[in-house]
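2 protein chains.
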Amino acid sequence: MLERERHSLILKLVEERSIVSVGDLLDLLGASEATIRRDINTLAERGEVKRIRGGAEAVRPRHQPHLVGMPFSLSQDISVPQKRAIARAAAELITAGESIIINGGTTTFALVEFLADHDLDILTNSFPIAAKLLATSRNRITLPGGTIFREQNIVLSPFDNDTIENFWGNKLFTGCYGLNRFGIMEADPLIVQAQTKLLKRTEDVIVMADSSKLRQKSAMIVTGLERISTIITDDGAKPEELEVFKAAGIKVIVASVNEDDELQKLA
Amino acid sequence: MLERERHSLILKLVEERSIVSVGDLLDLLGASEATIRRDINTLAERGEVKRIRGGAEAVRPRHQPHLVGMPFSLSQDISVPQKRAIARAAAELITAGESIIINGGTTTFALVEFLADHDLDILTNSFPIAAKLLATSRNRITLPGGTIFREQNIVLSPFDNDTIENFWGNKLFTGCYGLNRFGIMEADPLIVQAQTKLLKRTEDVIVMADSSKLRQKSAMIVTGLERISTIITDDGAKPEELEVFKAAGIKVIVASVNEDDELQKLA
DNA sequence: CACGAAACGATCATATACAATCAGATGCGA
DNA sequence: TCGCATCTGATTGTATATGATCGTTTCGTG
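The listed protein sequences derive, respectively, from chains A and B. If you're matching positions, the first sequence starts at 1 in the numbering used here and goes up one per residue. If you're matching positions, the second sequence starts at 1001 in the numbering used here and goes up one per residue.
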């Protein structure tokens, strides 16, 4: 076996198992101990594996990278301070033991962070949100049945006979593509469908929309203002932009980004 | 077992249970008491766990925003070579474009690895399996609706009006707690329930059971032998143990563990 | 308070992993 | 085919890890 072959096999094994011992490689490669050590050292010098006593380890830490951090994580980073501030304000609306619904989206994803210590019944159609909730909180998590749509990372069923029909949430937290006098607007028909389903299973609709969303328009109206009970936005919103919502009887909460940072500092 | 393996296993356990005793680790790591103490002390010095009398404790309650890992159960690391060999054999039964069902479990989890290049319709009640499939393959993934049960990491609905009712799989892949002349046995009523639901949605039942399962008994029979079409086990199984299955008209596949390594070598 | 049991740290002999060295094997170019 | 360069495997001595033992400390119980 060539040196090259051994190297790529070692890398593959390390990738797969995240840790391999010299002993394992001894059998697998059929090479001598000395050679294997040399191989590992070479790979370690190149930074392709980490040398540890008795074998080699993956450079990437041993955590499961496959849960959060897909196409999702990219947009997750946009306007993070705003989203965090809004999420923090949203979390304050939640009382212990409540049952809530969280619609998928990057803004609502930020909410998860503030739900760690709660004891809630949560329904979400977002796979990443469910994954993070599962890992970082003790809440009870329910998923609707259906196919996972990769682009949006949401679970959606083409059928109506769904677990979702047996759930009732006190509050629905949702993001949006755009928010204006027509109501909640979305750009993706799939998301419209998912959101529409959730809207039927709750009373209070809480829209989390950073101020940029107030200037965003699209073709599809998910629901009108009359269905919305609360809007949470950030202090980038101009007072006149919020008038239309207040006039419609909606409670408008403006989350201060800097204040959020202050709290962050103290924590 | 390497020092590093022990360390990460300890960390994982501490993460999962938030406290572990030296005694627990004694069995699980197969190392001496002295070594385990040393390991814990080392980890404690690094601040990764908190040393307490009799064992180790999680350094902080929870909540690590970016380190989102699954609360994987420990059993995932048990008899890995057998499970891999069985999984490899199982994957060979699958043809492109097929629609299959994967029941949750650590043995079936191993199957995911071999499904990367397939183009399948997959229904699974296992959250980790869905997560890994989502990240490592292009298969279409469907989840049944329901609540996520943390211990077993499966999605299960108390209701029957479920997405699952709209799915039909050519094959069902399932593990088991025990497998003998009575059929598939399970120890957890929740798993019985989940498995029973899946059994209704397929024709071919393929049981993946490492040889230790053939000597395992339990109180609950999920289904009798007549429902099983194929059994895949490893070469640790004695021929006479397999007779009863063959007599029942079941196809029995024995996956060679070493052969698996051979294939590994060539890859 | 006294007692026994369990957990602990220190110590030591042994086992294992390691780097260095060198001779032989192998690959490669002339 | 030869000769050079490189790679490989065996050997050696050294460093480190491990497991058993033992005396000490801590904890719980009567």
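Even for Gly, the Cβ is constructed at its ideal location relative to N, Cα and C.
Which of the three DSSP states, helix, strand or coil, is assigned to residue i?
{"i": "LYS12 (chain A)", "result": "helix"}
{"i": "GLU45 (chain A)", "result": "helix"}
{"i": "ILE102 (chain A)", "result": "strand"}
{"i": "VAL1252 (chain B)", "result": "strand"}
{"i": "SER204 (chain A)", "result": "At residue 204 (chain A) the sequence reads Asp, which differs from the Ser that was named. Correct three-state label for ASP204 (chain A): strand."}
{"i": "LYS132 (chain A)", "result": "helix"}
{"i": "HIS63 (chain A)", "result": "At HIS63 (chain A) the pLDDT is 43, less than 50, meaning the model places this residue with poor confidence and gives no usable figure here."}
{"i": "GLY183 (chain A)", "result": "strand"}
{"i": "SER1073 (chain B)", "result": "Because SER1073 (chain B) sits at a pLDDT of 40, beneath the cut-off of 50, its placement in the model cannot be relied upon, and the point is left open."}
{"i": "LYS246 (chain A)", "result": "helix"}
{"i": "THR1023 (chain B)", "result": "Here residue 1023 (chain B) turns out to be Gly, not Thr, going by the sequence shown. In this structure, GLY1023 (chain B) counts as helix in the three-state DSSP scheme."}
{"i": "LEU2 (chain A)", "result": "coil"}
{"i": "GLU57 (chain A)", "result": "strand"}
{"i": "THR147 (chain A)", "result": "strand"}
{"i": "LYS217 (chain A)", "result": "coil"}
{"i": "ASP235 (chain A)", "result": "coil"}
{"i": "ASP269 (chain A)", "result": "In this structure chain A extends from 1 to 267, so residue 269 (chain A) is not present and cannot be described."}
{"i": "ARG138 (chain A)", "result": "coil"}
{"i": "PHE173 (chain A)", "result": "strand"}
{"i": "ILE1094 (chain B)", "result": "coil"}
{"i": "LEU123 (chain A)", "result": "strand"}
Going along chain B in order, which residues have a C-beta closer than 9 Å to the C-beta of residue i?
{"i": "SER99 (chain A)", "result": "The contacting residues do not exist; SER99 (chain A) stays about 12 Å from chain B at best."}
Run through chain A and tell me which residues come within less than 7 Å of residue i, C-beta to C-beta.
{"i": "SER1157 (chain B)", "result": "THR163"}
{"i": "GLU1005 (chain B)", "result": "ILE19"}
{"i": "ASN1166 (chain B)", "result": "PHE159"}
For residue i, which residues in chain B fall below 7 Å Cβ to Cβ?
{"i": "PRO144 (chain A)", "result": "GLY1145"}
{"i": "GLY55 (chain A)", "result": "LEU1002"}
Would you mind telling me which residues of chain A sit closer than 8 Å to residue i, beta carbon to beta carbon, in chain order?
{"i": "ILE1141 (chain B)", "result": "THR147, ILE148"}
{"i": "LEU1172 (chain B)", "result": "The premise fails here: LEU1172 (chain B) is roughly 17 Å from chain A at the closest Cβ pair, so nothing lies under 8 Å."}
{"i": "PHE1127 (chain B)", "result": "ALA130, ALA131, LEU134"}
Contact check, residue i vs residue j under 8 Å by CB: the rounded distance?
{"i": "ASP1234 (chain B)", "j": "VAL1252 (chain B)", "result": "Wrong, their Cβ atoms sit about 12 Å apart, outside the cutoff."}
{"i": "ALA1090 (chain B)", "j": "ILE1232 (chain B)", "result": "5 Å"}
{"i": "ILE1100 (chain B)", "j": "ILE1094 (chain B)", "result": "6 Å"}
{"i": "GLY104 (chain A)", "j": "ILE129 (chain A)", "result": "6 Å"}
{"i": "LEU242 (chain A)", "j": "THR223 (chain A)", "result": "Actually they do not touch by this definition, with Cβ atoms about 19 Å apart."}
{"i": "THR163 (chain A)", "j": "ASP1162 (chain B)", "result": "6 Å"}
{"i": "ILE1154 (chain B)", "j": "SER1137 (chain B)", "result": "Not really, about 20 Å apart at Cβ, beyond 8 Å."}
Relative to the C-alpha of residue i, which candidate in the options has its C-alpha closest?
{"i": "ILE221 (chain A)", "options": "A:ALA209, A:CYS176, A:LYS246", "result": "A:CYS176"}
{"i": "LYS246 (chain A)", "options": "A:THR230, A:SER256, A:ASN258", "result": "A:THR230"}
{"i": "VAL20 (chain A)", "options": "B:PHE1114, B:VAL1014, B:ARG1004", "result": "B:ARG1004"}
{"i": "LEU156 (chain A)", "options": "A:MET185, A:GLU48, A:THR124, A:TRP168", "result": "A:THR124"}
{"i": "PRO1081 (chain B)", "options": "B:GLY1097, B:GLU1092, B:THR1106, B:VAL1059", "result": "B:THR1106"}
{"i": "GLY1249 (chain B)", "options": "B:LEU1225, B:SER1256, B:ASN1153", "result": "B:LEU1225"}
{"i": "LYS238 (chain A)", "options": "A:ARG227, A:GLU151, A:LEU214, A:VAL257", "result": "A:LEU214"}
{"i": "LEU1120 (chain B)", "options": "B:PHE1114, B:VAL1257, B:GLY1097", "result": "B:GLY1097"}
{"i": "PHE1182 (chain B)", "options": "B:ASN1166, B:THR1196, B:SER1218, B:PRO1158", "result": "B:SER1218"}
{"i": "LEU133 (chain A)", "options": "A:LEU111, A:ARG150, A:LEU179", "result": "A:LEU111"}
{"i": "ILE228 (chain A)", "options": "A:PHE109, A:VAL244, A:VAL49", "result": "A:VAL244"}
Can you list the residues of chain A that residue i reaches, using a CB-CB cut of under 9 Å?
{"i": "ASN1103 (chain B)", "result": "Simply none; closest approach about 16 Å."}
Starting from residue i, find everything on chain B with Cβ-Cβ shorter than 8 Å and list it in chain order.
{"i": "ILE52 (chain A)", "result": "LEU1002, GLU1003, ARG1004"}
Q.
Taking contact to mean 3 or more Cβ pairs, one atom from each stretch, closer than 8 Å, check whether the region 1028–1044 of chain B and the region 1009–1019 of chain B are in contact.
A. yes
Q.
Below 8 Å, how does it come out for the region 187–195 of chain A and the region 1172–1182 of chain B: are there three or more Cβ pairs, yes or no?
A. no
Q) Counting pairs of beta carbons, one from the region 133–152 of chain A and one from the region 1142–1162 of chain B, are three or more of them closer than 8 Å? A) yes
Q) Touching or not, the region 1205–1216 of chain B and the region 1081–1088 of chain B, by the rule of three or more beta carbon pairs under 8 Å? A) yes
**Q.** At least 3 beta-carbon pairs within less than 8 Å: the region 40–58 of chain A vs the region 1025–1037 of chain B
**A.** no
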